[in-house]
Amino acid sequence: MTSSPFPILIVIVPLISAFFIPIIGWWKRNLCYPLVILSLFFCTLFSILTLNAVIQNGTIHYYLGGWHPPWGIEYVVDHLNAFVLAIISFTSFFVAIYSKKSVEQELPDKIVFFYAVYLLLVTGLLGIIATGDMFNLYVFLEIASLAAYALIAIGEDGAPLASFRYVIMGTIGACFYLLGVGYLYIVTGSLNMADLSELLPKLYHSKVVLVAFTFFMVGIALKMALFPLHTWLLDAYTYAPSTVSALIAPTMTKVGAYVMIRVMFTVFKPDFSISLFPITSILGWLAVAAILFGSIMALAQSDLKRMLCFVIVAEIGYIAIGVGIANRMALIGAILHIVNDVFMMACLFLVVGAIVYKTGTRNIYQLRYLHRKLPLTMAIFVIGALSVVGIPPLCGFFSKWYLILGAFEAGKWVFVAVLLVSSLLNAILFFRVIENIYLEPREPSYAHDGGGPEAISIDEAPLSMLIPMFVIGAGIILLGVFSGKIIDVVIQHTIPPTI
Amino acid sequence: MEFIVCKYNYWIYIVLMMIGFYAIIGKKNLVKKLVGMNIFQTALILYFVSTAAKKGATIPIVSHGHGATEHAIHAAQYVNPLPHVLMLTAIVVMVSTFGVALALIIMIYRRYKTLEEDEILKATK
Amino acid sequence: MIAQFEDVIIQTLCRLLIPFIQLFALYVIAHGHHSPGGGFQGGCILGASFILLCVAYDMEEAKRRMSEKLNVIFCCLGVIIFGGIGVVCLILGANYLDYGILHKLLPVNIPEARSLGILGIEIGVGFTVMAAMISIFLNLASSGEHEETLR
Amino acid sequence: MEGVYSISPLLAMLASLIGAFLILFTGEKNRNLREFWTILASVITFSIICSMIPIILNGKIIEYTIVNICPGVYLQFRVDAFGMIFATLASGLWIAVSIYSIGYMRGLKEHAQTRYFFCFAIAIFGAVGAALSANLLTLYMFYEILTISTFPLVAHKESPDAIKAGRKYLAYLLTGAAFVLFSIGLTYYLTGSLDFVAGGFVEGHGSKNLLRLLFFTFMIGFGSKAAIMPIHEWLPSAMIAPSPVSALLHAVAVVKAGVFCCLRVIHYVFGPNVLSDLGVWLILAYFVSFTVIMANIIALTQDNLKRRLAFSTINNLSIIILGAALLSADAIKGSMIHIPFHGFMKITLFLCAGSIYVKTHKESISEMDGIGRQMPFTMGAFTIGALGLTGIPPVCGFISKWFLCLGAIEAKQIIFLCVFLISALLDAAYFFPIIYTAFFKKPVDINPHFDEAPILVVAPIVVTATFSIIFFIFPDAFLNFFKMATMATQNILGIG
């Protein structure tokens, strides 16, 4: 049976290009960058076409090698997949465009391998999302993680150690996931997600299934850096090269969140994950801890990138809180937040990369007068920051809105309070930075001389950095304004019908 | 008692896994941590392979051509190949993880001239 | 890191053994699709033969026979062969890695096309595994300096 | 009520938004062009909004839907009489304040003027958007835009004090916004709808106690912007901002938006029936009465002119909310027309304060001896505004206060009648000394000759002061504030 080849092409295009790059790199090193751009462009194109096809005709199944499930590996692209695929490939495309100058500056002699591993990482991420097979998911998870370890390790001083810790934690997470797969396999004899979801309901009271589910949740929580298991994230993302953080920070953890939603609501049915086992309430409270911890710890940071890493911990908490509340509104919020967060984090980390590229510092207190030097970059930073704070027309607000509605519906007032408090904490967080950038405190006596450090003139980041930042920034606004449309067309189909 | 003895393979894998886990958490030397990680992963492989074990069964290959006399055709006659295949893939993944981790350790060693975690932390402070 | 001494017995034995090891590796690769063996195991053996060369002589000798550049190219080539065969299937109108469709290209019937397709895959896997083995060994043995010569 | 589908509300919004970005991109290099954009945008916005007045007066409602936000909630504009009052006020005074700002900013050679004009335009965008919103979520969106865009204006001076004031401003308003968001979420959860309905839509949803909670979280949220007493502290601090900004904060956009939102909640979310049923109106009324009196007493003690005006603003805002909370027809009408009338009078006062600052760099009342002789136009306008706020007849403040008092009597609440009267007395007690100081005290320095601020500064002051008087004689002049307030009141109370 042949069907639309897009699901496999999305994964295969970056994979093969990844291995062409070293070969081409030796021949002509300058060709690497165009090749990466080209392949990711096709990747984005295919994933958008897939999304379109899914919206029009429903779920796409693709059987690798023509083997039908449950024997062969199946790629299933439904609304949730297609949407996340489009977002991730879109982001990685623009981060790749952005990477040129930054990589030339930070890693001048590793360009060839950088791009090869970059594409491998994208392959892994897209594979995780596209596949419909539990074990295949594990393989892609490890491909993505391995590429991430390598990319993080080439960062600045503390990077190798941070990366090593990430290796240890990530491997444990992956092993737990694999154990979960093993347990499910011995009770059902299947690895296919759709097949499993049909076989499992009869076994819901088996302890083995319960243990498998627990292993899944712990493993995935490690990979997505949910609160008590987030420690690897901070150092790793802080010390990674700018481009790498800009790619990994938005995507990796969000893909983890996607896997969690997939396992909880596709492989296991909602009536198992919600009613038979108190996992949702555990998740909810962990998420509360994550949000508060992340936001408060972020306040204590003077390194902009590290602060954003704590913000990621909090943002993951948002997604987890939505899954933890587990009603329709909250899930819409959680899935919307996956998308929004990819954009917001990409935007902020890209801006940080541009700041580092231009000034070489990430210290919040050394950013003064930067709005004179990098006016556009800073404007985009403000957009991203306000979105994280949750100012309405920007996308960050809408996911928060749905989460709050969901929490109301579930009668979980504490969650509502936490969501609101966290947006206040975020406001403190980002306005502290904005204030440092934009306001130029001076002695009152100089208040009216109309002067200031006029010597600082505009010295914007190069165009190859500005365009991606601009696109992502515009994306934040558009995602916000059209969030209702997105939910109508895509997200509402991703919610399991029994919720 | 029967619970323990009859499922000895699971117990072994759990014990191995915990040894590995202990090494990851308890040891300060990075290489020992790595070894712990490997034990952890190996325990997993053992677990998978042992689930597929079957007494008196043969390999799931239909020999042909070279005058084969016996085929294992019924499922009871051969061991389940799938866990082995999965583990083959998992081993590759684990070897690559191991390789990456070793490369990282070399980088760390070059930078700090030590592999003891507390000394590294002291050096970075 | 490897001690720089030369032992005539070891070196001679290795010189005798290595061709046979490599031949055996090729056999394992070539028979992977219908008997125990395959690209993975064969690739490992092939890689091991080079590692043996390194151990018996020194790394320079091994690098002379298998330069790093060539090694990386082999590594990439393997994956490209693998993926390429899949893409060829895709182009011919079947699913990815559905080798049966290769009968359109090759003068064989469908089952044989399947068999040949898998053989192609095994060869690709063999290349990559061999290159990866050598690369890991060289990296570790040179405590990471190997990669610096790659630029 | 009949709805008309028209793109005008969107056009009005776009005019100010595009204007803002034109200002930003023109930048410091071409100042005249930049300020031309400001004026152009304000005039266009104002004229588009005015073009909608006749339709509203015909008893119709203008609607325009942009996009669906979540089930049952649209990003939507719906222009009714009450929204129209605020929209005309905000956009109309924008013209005056922009002209004044040009004079003020150039007069003082302020820094970062582009940022100033940009944020100003965005703030007006937010205020007009809030006025035209059809539902709570749209309202919240513009409310937040307004909050954020005002922050750089408050901290404009960038002195440590100004930055502190900016932080305080954000802390109060964003906390308030969190309360608002909570309330909006709860409203949606209880009713499944967020659309404003004259007379309220929460009736019959949720338990009484839950509705009481909802009402108070709403009031805390929007009250933070309307500076009701325990949460008013940011407003006097924000006086550190340039005078046109203070005018914006106090008369045009920010606090008025807070009051506007409060009134929207009182009359278009809850409605008089529910409120009297719940009994919360009385609590709110006592609360704001306290604010009315306290603010005036504190104002008496202030020497800084702008701080004194700030407390006067707190007082007037609470008067508006008190009127709305009394739930009687005249009180509602009075409070609604007090929004624009107070706007015109207060803007006059603030612009006067700014004008004095431009010319003499004086901020304290005690330094202003005899300043009226030096700046007769400014101080004349100041006198008109002060008389108006006290409620003395030839100025429009009398009309709104008259209706408020009538409303208190109608509601049979003599206490609140007393509150109105005492507050008027106290108004007199702190405004008249200023007038006395300005005109009758001997100037300290010996140059009492005529020396006015630049024409661009004085002209808007004279215009707004003139309008304050015109509105007394013809409350319906030009913009039909009175008719619209009457219409809105009738809709709320379900009469006619």
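Protein chains in written order, with the working numbering: chain A, 276 to 774; chain B, 107 to 231; chain C, 21 to 171; chain D, 68 to 563. Glycine residues also receive a C-beta, built at the ideal position from the N, C-alpha and C atoms.
Bridge partners of Gln576(A) according to DSSP: none are assigned. Separation of Pro219(D) and Arg182(D) (C-alpha to C-alpha, rounded to the nearest whole angstrom) is 8 Å. Using a Cβ-Cβ cut-off of 8 Å, Cys584(A) does not count as an interface residue toward chain B, since no Cβ of chain B sits closer than that to its own. For Phe144(D), DSSP records a beta bridge to Tyr131(D) and Ser200(D).
For Gly70(D), the pairing in a beta bridge is given by DSSP as Ile128(D). Distances from the alpha-carbon of Leu160(C) to those of Cys74(C), Ile49(C) and Ile65(C) put Cys74(C) closest.
The alpha helix (DSSP H) runs lying completely inside the segment 301 to 359 of chain D and spanning 4 residues or more are 301 to 304, 310 to 314, 321 to 330 and 338 to 345, given in chain order.
Linking Gly126(D) to Met554(D) through their CA atoms gives a straight-line distance of about 8 Å. Contact with chain B is found for Leu160(C), since one of that chain's Cβ atoms lies less than 8 Å from the residue's Cβ. Inclusion of Val134(D) and Lys760(A) in the CB contact set at 8 Å is warranted, their separation being smaller than that value. In the DSSP assignment, Tyr413(A) falls within the alpha helix (DSSP H) that extends over Met409 to Ala428. With contacts defined by Cβ atoms closer than 8 Å, Leu558(A) and Val693(A) do not form a contacting pair. At least one CB of chain A lies nearer than 8 Å to the CB of Ala207(B).
Taking 8 Å as the cut-off, the beta carbon of Gly659(A) is found closer than this to the beta carbon of Ile751(A). Those residues of the segment 645 to 661 of chain A placed with their C-beta closer than 9 Å to a C-beta in chain B do not exist. Contact note: Ile156(C) reaches chain B through Gly205, using a C-beta cutoff of 7 Å and chain order. Ranked by how close their Cα comes to the Cα of Ile461(A), the residues Ile447(A), His480(A), Lys477(A) and Ala487(A) have Ala487(A) in first place.
Linking Leu412(A) to Ser472(A) through their CA atoms gives a straight-line distance of about 16 Å. Under the Cβ criterion (8 Å, minimum of three pairs), the segment 414 to 427 of chain D counts as touching the segment 443 to 450 of chain D. DSSP places Val351(A) in the uninterrupted beta strand (DSSP E) bounded by Glu349 to Val352. At a Cβ-Cβ threshold of 8 Å, Leu700(A) and Leu241(D) do not count as neighbours. Fully contained in the segment 199 to 244 of chain D are the following alpha helix (DSSP H) runs of length 4 or more, in chain order: 203 to 221.
Contacts between Ser202(B) and chain A, judged by CB atoms closer than 8 Å, involve Glu417 and Leu421 in chain order.
Taking CB atoms only, Cys137(D) has a neighbour in chain A less than 8 Å away. With respect to Met619(A), Ser662(A) sits close: the two C-beta atoms are nearer than 8 Å. In the DSSP assignment, His505(A) falls outside any alpha helix (DSSP H), carrying neither H nor E.
Within the same chain, and ignoring the five residues on either side of Thr93(D) in sequence, the residues whose Cβ sits closer than 7 Å to its Cβ are Leu100, Arg101 and Trp104. Interface residue (Cβ-Cβ distance to chain A less than 8 Å): Phe249(D) is classified as such. Residues of chain A with a Cβ closer than 7 Å to the Cβ of Ile215(D) are, in chain order, Leu661 and Ile666.
Non-local C-beta neighbours of Ala320(D) in its own chain, meaning closer than 8 Å and more than five positions away in sequence, comprise Ala157, Ala190, Ile191, Gly193, Ala194, Leu213 and Thr217, ordered along the chain. The CB of Leu140(B) never comes closer than 8 Å to any CB in chain C; the least such distance is about 12 Å.
Annotation for Tyr713(A): the continuous alpha helix (DSSP H) segment containing it runs Trp688 to Tyr713. In this structure, Val614(A) lies near Leu754(A), with their beta-carbon atoms less than 8 Å apart. Chain-order list of chain A residues neighbouring Phe109(B): empty, with the shortest C-beta distance near 13 Å, by a criterion of under 7 Å.
When the Cα atoms are used, Ile399(D) and Ala685(A) turn out to be separated by approximately 38 Å. When the beta-carbon positions are compared, Val326(D) and Ile381(D) stay at least 8 Å from each other.
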